[in-house]
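In terms of this note's numbering, the sequence shown opens at residue 194 and continues consecutively. Using N, Cα and C, we set each Cβ at its ideal position, and we do this for glycine too. Below is one structure; the comments refer to it alone.
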Amino acid sequence: MQFRAMLLALAASSAVICSQVAAQAPAPVRIRGELTAVDADSITVQRKAGGTVKIGVKPDQTVSAVKKLALSDVNPGSYVGIATKNSGGKLVALEVLVFPEAGRGTSEGHFEWDLAPGSMMTNANVDTVVETVDGRNLKLSYKGGTKEITVPANAPVVTPTSASRADLVPGKKVFVIANGDASNMSAVRVYVEKDGVAPPM
């Protein structure tokens, strides 16, 4: 009985340690800017926010791009990620990413984003769409809440499309999700400008 109690105590301690380690794990870093150099195992980005950073890339690195959609392509049932700013107490879209159906549920919720000071991100299902003079008003729902977002007619609306390592060329705009710090950073996901469309996220 004592041995069983010891095992249970050890399991409980391990769970606490694992949760503490998980809590201390650094959040992914989002990098926006322009490619200045590319080699077999890294890319260098001139950050929009200032400074350059070298990011490690794997031989099988996932590389994506985005293509333009019309605002009219955002309909009830679409699953979207919308970066917003607060304007007069209303959420106004800075950009809209329409996920493919396979991406439904990705990072669902409403959370802080760093596209602009004070910006937020809402990944959610579109429930209703109301046409306005200047664009559209969307009502979104996600687990635990709802949001109403105004999308101006000039807001970029995009959806992911395929790209490859060959599209990583100096001068192209990129949006990179990476792990690590400035001295040792590795890419998790890379979106690169393609066919003249830069990732707006």
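*valine 395 to serine 379, Cα distance in whole Å?*
Because the chain here runs from 194 to 394, residue 395 falls outside it and cannot be looked at.
*asked:* The beta strand (DSSP E) that contains proline 345, what's its start and end?
replied: The residue you call residue 345 lines up with position 152 of the sequence shown. Note, proline 345: beta strand (DSSP E), 338-345.
*For alanine 276 versus tryptophan 306, is the C-beta distance shorter than 8 Å?*
Taking the sequence shown and counting its residues from 1, one reaches residue 276 at position 83. Taking the sequence shown and counting its residues from 1, one reaches residue 306 at position 113. In this structure, tryptophan 306 lies closer than 8 Å to alanine 276 by Cβ.
*Sort out for me which residues DSSP pairs proline 353 with in a bridge.*
Numbered from 1 along the sequence shown, position 160 holds the residue referred to as residue 353. Note: proline 353 sits in a beta bridge opposite Val259.
*What's the call for threonine 229, buried or exposed, on a 16-neighbour Cβ count within 10 Å?*
Residue mapping note: residue 229 aligns to position 36 of the sequence shown, counting from 1. The residue in question, threonine 229, is exposed, as its Cβ has fewer than 16 Cβ neighbours within 10 Å.
*What did DSSP end up calling glycine 389 once you bin it into helix, strand or coil?*
Along the sequence shown, read from residue 1 onward, the residue named residue 389 stands at position 196. Taken through DSSP and simplified to helix, strand or coil, glycine 389 comes out as coil.
*Taking the alpha carbon of asparagine 347 as the point to measure from, which residue in Val289, Pro353, Pro219 and Gly274 has its own alpha carbon closest?*
Position 154 of the sequence shown, counted from the first residue, corresponds to residue 347. Among Val289, Pro353, Pro219 and Gly274, the Cα nearest to that of asparagine 347 belongs to Val289.
*Secondary structure at arginine 358, three-state DSSP: helix, strand or coil?*
Position 165 of the sequence shown holds residue 358. Reduced to three states, the DSSP call for arginine 358 is helix.
*Among the residues of its own chain, which have a CB less than 8 Å from the CB of threonine 237, if the five just before and after it don't count?*
Position 44 of the sequence shown, counting from 1, holds the residue named residue 237. Around threonine 237: Leu228, Thr229, Ala230, Val231, Thr245, Val246, Lys247 and Ile248.
*What is the rounded straight-line gap between the Cα of methionine 314 and the Cα of threonine 255?*
Position 121 of the sequence shown, counted from the first residue, corresponds to residue 314. Position 62 of the sequence shown, counted from the first residue, corresponds to residue 255. Per the coordinates, the alpha-carbon of methionine 314 lies some 23 Å from the alpha-carbon of threonine 255.
_Tell me whether the stretch 284-304 and the stretch 348-364 touch, counting them as touching only if at least three CB pairs, one residue from each stretch, are closer than 8 Å._
In short, these stretches touch, since the Cβ pair count reaches three.
*asked:* I'd like to check one pair, leucine 284 with threonine 343: are the Cβ atoms closer than 8 Å?
replied: The residue labelled residue 343 in the question sits at position 150 within the sequence shown. The residue labelled residue 284 in the question sits at position 91 within the sequence shown. Contact flag set, yes.
*Looking at the structure shown, is glutamate 294 part of a helix, part of a strand, or coil, going by DSSP?*
Here residue 294 is taken as the residue at index 101 of the sequence shown, counted from 1. Three-state result, glutamate 294: helix.
_Alpha carbon of leucine 408 to alpha carbon of glutamate 341, nearest angstrom_ = Residue 408 lies beyond the residue range present for the chain, which begins at 194 and ends at 394; the question has no answer from this structure.
*Please work out which residues of its chain come closer than 7 Å, Cβ to Cβ, to arginine 297, disregarding the five sequence neighbours upstream and downstream, and give them in chain order.*
The sequence position of residue 297 within the sequence shown is 104, counting from 1. Taken in chain order, the residues that qualify are Tyr272.
*First and last residue of the beta strand (DSSP E) that includes glutamine 239?*
By one-based count along the sequence shown, residue 239 stands at place 46. Start and end: 235-240.
*In the structure shown, what three-state DSSP assignment does serine 265 receive?*
As a first step, residue 265 must be located in the sequence shown, where it is residue number 72. The answer is helix: DSSP assigns serine 265 an H, G or I state.
*asked:* On the DSSP bridge list, what partners appear for aspartate 253?
replied: In the sequence shown, counting from the first residue as 1, residue 253 sits at position 60. As DSSP reads the structure, aspartate 253 sits in no beta bridge.
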